[in-house]
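Peer 1: I'd like to ask you about the structure that follows.
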Amino acid sequence: MMTASVAVASISLLDKNVSLAPATYQDTAALPDSVDPEAQKLWILAQFVQSQTVDRLQTGQSLQVADRILTQSCEGKSIEQLRADILRAEADNMDSRNGFELRGGYSTESFNNDDDDPRAYLELSWDVLRNGYRANGHRSQALYGEADLVELRGRKKQLVQSYRCRRYRLAQTFSGLYGYLLSLKLELMKPVYDVERRAYFKGWSYLDDYLVSEGDIRELESELRYLSMDDEQNDVSFIYNPPIIDVRIQDVIEEIRNDDHNVRLAALQKKVLSEKERARDRNRLRFFVRKTFDVANTGGNDGMVAGLRFNVPLERQQHDILKYKMDQVDQEVELHAWERISRARAAYAELREQMRRVIKQRYRYLRTQERVRRIFLEKKIAGDEVELARVIARVRTLMDTGIELVRAREELYRRVNEVFLAAQIAYQPSMLMRVSMNKDINRARTGERSVYLWSGMFNKTSNAVIQDFLEAKSVRTVLLSAGRKTDRVKLMEYVRIANRHRQNVELIVGDNNWIEPGKHERAAATVATVSEITGAVHLDVEPHTLPEYKTNREQTMSHYLEMLRRLREAASINKLTVAVPLHWKEDEYRIVGELADSVYFMTYGSPDIKKLARRLEKVMDFVAPEKVVVVLRIDDFEDEWALEQAFDYLRSKLGVKRFAIHQFRKYFSQSGEQL
Numbered sequence: 114m115m116t117a118s119v120a121v122a123s124i125s126l127l128d129k130n131v132s133l134a135p136a137t138y139q140d141t142a143a144l145p146d147s148v149d150p151e152a153q154k155l156w157i158l159a160q161f162v163q164s165q166t167v168d169r170l171q172t173g174q175s176l177q178v179a180d181r182i183l184t185q186s187c188e189g190k191s192i193e194q195l196r197a198d199i200l201r202a203e204a205d206n207m208d209s210r211n212g213f214e215l216r217g218g219y220s221t222e223s224f225n226n227d228d229d230d231p232r233a234y235l236e237l238s239w240d241v242l243r244n245g246y247r248a249n250g251h252r253s254q255a256l257y258g259e260a261d262l263v264e265l266r267g268r269k270k271q272l273v274q275s276y277r278c279r280r281y282r283l284a285q286t287f288s289g290l291y292g293y294l295l296s297l298k299l300e301l302m303k304p305v306y307d308v309e310r311r312a313y314f315k316g317w318s319y320l321d322d323y324l325v326s327e328g329d330i331r332e333l334e335s336e337l338r339y340l341s342m343d344d345e346q347n348d349v350s351f352i353y354n355p356p357i358i359d360v361r362i363q364d365v366i367e368e369i370r371n372d373d374h375n376v377r378l379a380a381l382q383k384k385v386l387s388e389k390e391r392a393r394d395r396n397r398l399r400f401f402v403r404k405t406f407d408v409a410n411t412g413g414n415d416g417m418v419a420g421l422r423f424n425v426p427l428e429r430q431q432h433d434i435l436k437y438k439m440d441q442v443d444q445e446v447e448l449h450a451w452e453r454i455s456r457a458r459a460a461y462a463e464l465r466e467q468m469r470r471v472i473k474q475r476y477r478y479l480r481t482q483e484r485v486r487r488i489f490l491e492k493k494i495a496g497d498e499v500e501l502a503r504v505i506a507r508v509r510t511l512m513d514t515g516i517e518l519v520r521a522r523e524e525l526y527r528r529v530n531e532v533f534l535a536a537q538i539a540y541q542p543s544m545l546m547r548v549s550m551n552k553d554i555n556r557a558r559t560g561e562r563s564v565y566l567w568s569g570m571f572n573k574t575s576n577a578v579i580q581d582f583l584e585a586k587s588v589r590t591v592l593l594s595a596g597r598k599t600d601r602v603k604l605m606e607y608v609r610i611a612n613r614h615r616q617n618v619e620l621i622v623g624d625n626n627w628i629e630p631g632k633h634e635r636a637a638a639t640v641a642t643v644s645e646i647t648g649a650v651h652l653d654v655e656p657h658t659l660p661e662y663k664t665n666r667e668q669t670m671s672h673y674l675e676m677l678r679r680l681r682e683a684a685s686i687n688k689l690t691v692a693v694p695l696h697w698k699e700d701e702y703r704i705v706g707e708l709a710d711s712v713y714f715m716t717y718g719s720p721d722i723k724k725l726a727r728r729l730e731k732v733m734d735f736v737a738p739e740k741v742v743v744v745l746r747i748d749d750f751e752d753e754w755a756l757e758q759a760f761d762y763l764r765s766k767l768g769v770k771r772f773a774i775h776q777f778r779k780y781f782s783q784s785g786e787q788l
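Right, here's the structure in full:
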């Protein structure tokens, strides 16, 4: 990789007419005017590549996507049904052989045989046992059984073939995301290659530095060429980023044990063996009617006779071969089930090994992503002191770890497919589970986070700094004041930034005077208007702070709840959240919980989290758990570690999963430069 001094020095030598980035890159924040234009293009390109990579790999899709991948159509041709039809046709033909035969003989001279027949006769005979009516009936039933066996085995074979086919189709599923990341890296490395080559000929670097970028480009071009040439892998219209998944192996094993396929197979095999054994009857019995003819007019017998013949071999069977064969079938059933379980366990062991690789690669990628985030943040703060070569090196590493993560996930899905192939059972979504890498921990923080941001701090802090801080602190939702003092232009720009970063914004509105019945319509109009901006409104109305709350509490709360019902109607399908203290009545919490989408419990006033938890526990049960948000005040805690310990305690003690921090200004100042 190019050295920092060489890269920065040689940036200015790039041809001015080379376009290094498409127009979409220009959405990225502009760099200082002092930066060389071509170097600026590389900066913008690096930011674009970084943002696209992070965006594509940010969150795995739902389990439904995994289901579609593992059940995608992969039907191959099968001749089993044709074989079964042939066997049934043979069975029909055999069943029609009822043992009747027409026999006859004629001789011009002597006609001697064992039966002392005359010179001419015509006989109708019926064989009942060997090679006759009963034997052919058993052969027919054996053929019907073999046809059923072929069909039953064919269904299992078709299942196995579909898994084997899907094994190769998985590459096509991941080729969209894989190819997109390769293209991004190639877009980045092409201008880097030009820099490296020029630096080498200027004597500012060595050949081995140049060969790094050249090797990257050749490898990327080769892989992209393969993806475009292979009909099975060139469909990039869908870019899947499926979740990391695991198999419930005990459910798979239980399904194998409950699978009656081999039992039905054994029953058919026994039927076929039994019918074939009966068809091999060595005893013979023939009934006949014979007409003799005295064709030479010798005066001999010229009449009709009826009779029977039988043949019973005088032998002794030493062993019951059929019993041995039946026992063999039973043992094969048990053995086959054991083999399927063993193969499934072995396949799952390989899946677990791949899972370890995926987890390691996932965290390699996250570490690289964090380093890239910090270096871009450093660029915003330090400006030209951050060398472009460092950024390119970090982004290149981010691309490499991201690409390897995609390949690792692809192999993980292939191993999941192998488990079902080894088990030879039909795929069932219930046997799949999503694996969460962080267990509700994001950037070392538990639960879902929100923060209050009031107009004063918002107006004087740049939107970029706000967003960087929220991302660093893993804050998913910002409660932003939308009052008259808030810079409206800056607010609208921040909403656009938040949308790009998948940040939720709840706009804070409210006036304690809204509680008055005559002002409910005015409040409703305000809420309806503001809710259209982000789709979410946070109500900041505190009836307990009004003087009349002490003198006429019931009426004040009744007016508040009536106002809330009207605001719920005004917000319509948009989100409405409210903040409440910890000293209201049960029925009041229930009504608020029914009307609001989220209820923020203002858990203030003490650094003693156990005391706060006891107060909170008495009231939070009256609101649906998924609506509960616990708000802690940053001033109540010594530092962020103490705040995190409080969150952890509330999570383990009360099961709280959503937290909010009051407020941004104190949180920001307490954190210092740790972004």
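Count along the sequence shown starting at 1, add 113, and that's the number in the numbering used here.
Beta carbons are placed, not taken as given, at the ideal position from N, Cα and C, and that holds for glycine.
Per the DSSP calculation, Phe406 is bridged to which residue(s)?
Peer 2: Ala233
Peer 1: Can you name the residues that DSSP bridges to Trp239?
Peer 2: Phe213 and Phe400
Peer 1: Distance, Cα to Cα, Lys383 vs Met439?
Peer 2: 6 Å
Peer 1: Tell me the residue span of the beta strand (DSSP E) that contains Leu256.
Peer 2: Not the beta strand (DSSP E): Leu256 falls in the alpha helix (DSSP H), residues Tyr246 to Phe314.
Peer 1: With Ala521 and Arg470 assumed to form a contact (beta carbons below 8 Å), what rounded beta-carbon distance in angstroms separates them?
Peer 2: 5 Å
Peer 1: Determine which residues share a DSSP beta bridge with Asn617 and list them.
Peer 2: Answer by DSSP bridge pairing, in chain order: Thr590.
Peer 1: Using DSSP with H/G/I as helix, E/B as strand and the rest coil, what is Val499?
Peer 2: Here Val499 sits in coil by DSSP.
Peer 1: Spatial neighbours of Tyr306 within its chain, please: C-beta separation below 7 Å, excluding the five flanking residues on both sides.
Peer 2: Cβ neighbours of Tyr306 beyond the five flanking positions: Ser326, Glu327 and Ile330.
Peer 1: Whose C-alpha, out of Gly245, Tyr662 and Lys698, is nearest the C-alpha of Glu214?
Peer 2: The residue with the shortest Cα to Cα distance from Glu214 is Gly245.
Peer 1: Here's a check: name, in chain order, each residue in its chain whose Cβ is nearer than 7 Å to the Cβ of Pro694, leaving out the five neighbours to either side.
Peer 2: Once the five neighbours on either side are set aside, the close Cβ partners of Pro694 are His657 and Met715.
Peer 1: Distance check for Asp653 and Leu708, CA to CA, integer angstroms please.
Peer 2: Straight-line measurement puts the Cα of Asp653 at about 15 Å from the Cα of Leu708.
Peer 1: How far does the alpha helix (DSSP H) with Val167 in it extend, from its first residue to its last?
Peer 2: Pro150 to Leu170
Peer 1: For Gly560, collect the residues of the same chain with a Cβ closer than 8 Å to its Cβ; drop the 5 residues on either side in sequence, then sort them by chain order.
Peer 2: Asp553, Phe760, Arg764, Val769, Lys770, Arg771 and Phe772
Peer 1: For Trp156, is the classification buried or exposed, using 16 other Cβ atoms within 10 angstroms of its Cβ as the cut-off for buried?
Peer 2: buried
Peer 1: Helix or strand or just coil, what does DSSP make of Ile848?
Peer 2: No statement about residue 848 is possible, as the shown extent of the chain runs from 114 to 788 and does not include it.
Peer 1: Check whether the Cβ atoms of Pro355 and Gln153 lie closer than 7 Å to each other.
Peer 2: Going by C-beta atoms, Pro355 is not nearer than 7 Å to Gln153.
Peer 1: Taking the C-alpha atoms as reference points, what is the distance between Gln537 and Asp198?
Peer 2: 25 Å
Peer 1: Below 7 Å CB to CB, which residues in the same chain sit around Ser711 once its five sequence neighbours on both sides are set aside?
Peer 2: Thr690, Lys740 and Val742
Peer 1: Select from Ser186, Arg247 and Ala684 the residue whose C-alpha is nearest the C-alpha of Arg210.
Peer 2: Arg247
Peer 1: Within the segment 607 to 658, note down every full alpha helix (DSSP H) run reaching 4 residues or more, in order along the chain.
Peer 2: 633 to 647
Peer 1: Is it buried or exposed, Ser147, if we count other Cβ atoms within 10 angstroms and call 16 or more buried?
Peer 2: Bear in mind that the predicted position of Ser147 carries a pLDDT of just 47, short of 50, making it too unreliable to give a figure here.
Peer 1: For Val529, which residues from the same chain have a beta carbon less than 7 Å from its beta carbon, with the 5 sequence-adjacent residues on both sides left out?
Peer 2: Leu183, Ile358, Val360 and Leu464
Peer 1: Please report the straight-line C-alpha distance between Ile686 and Thr599, rounded to a whole angstrom.
Peer 2: Across the structure, Ile686 and Thr599 are spaced so that their CA atoms are roughly 25 Å apart.
Peer 1: Alpha carbon to alpha carbon, how far is Arg456 from Gln783? Give it in angstroms, no decimals.
Peer 2: 56 Å
Peer 1: Helix, strand or coil for Asn371 per DSSP?
Peer 2: Secondary structure at Asn371: helix, using DSSP grouped into helix, strand and coil.
Peer 1: Specify, as a first and last residue, the run of the beta strand (DSSP E) that Thr690 falls within.
Peer 2: Lys688 to Val693
Peer 1: Using the rule of at least 16 other Cβ atoms within 10 Å of the residue's Cβ for burial, across every protein chain shown, is Glu619 buried or exposed?
Peer 2: So Glu619 counts as buried.
Peer 1: Can you tell me the Cβ-Cβ gap for Gln616 and Leu592, rounded? I've got them flagged as a contact below 8 Å.
Peer 2: Incorrect: roughly 12 Å between the Cβ atoms, too far for contact.
Peer 1: Along the alpha helix (DSSP H) that carries Tyr319, what are the first and last residues, could you check?
Peer 2: Looking at the DSSP string, Tyr319 is not in any alpha helix (DSSP H), and its letter there is neither H nor E.
Peer 1: Locate the alpha helix (DSSP H) running through Met570, then write down its first and last residues.
Peer 2: Ser568 to Lys573
Peer 1: Specify, as a first and last residue, the run of the alpha helix (DSSP H) that Leu677 falls within.
Peer 2: Arg666 to Ala684
Peer 1: If we count Cβ pairs, one from each stretch, closer than 8 Å, do we get three or more for the segment 254 to 265 versus the segment 375 to 390?
Peer 2: yes
Peer 1: State buried or exposed for Ser644, treating a residue as buried only when at least 16 other CB atoms are found within 10 Å of its CB.
Peer 2: buried
Peer 1: Please state whether the Cβ-Cβ distance between Lys663 and Ala726 is less than 7 Å.
Peer 2: No, these two residues do not count as a Cβ contact at 7 Å.
Peer 1: Sorted by chain position, which residues of the same chain lie with C-beta nearer than 7 Å to Glu730's C-beta, five sequence neighbours on each side aside?
Peer 2: Leu767
Peer 1: For the beta strand (DSSP E) holding Phe582, just list the boundary residues, first then last.
Peer 2: Counting along the chain, Phe582 falls outside any beta strand (DSSP E), though it belongs to the alpha helix (DSSP H) covering Asn576 to Ala585.
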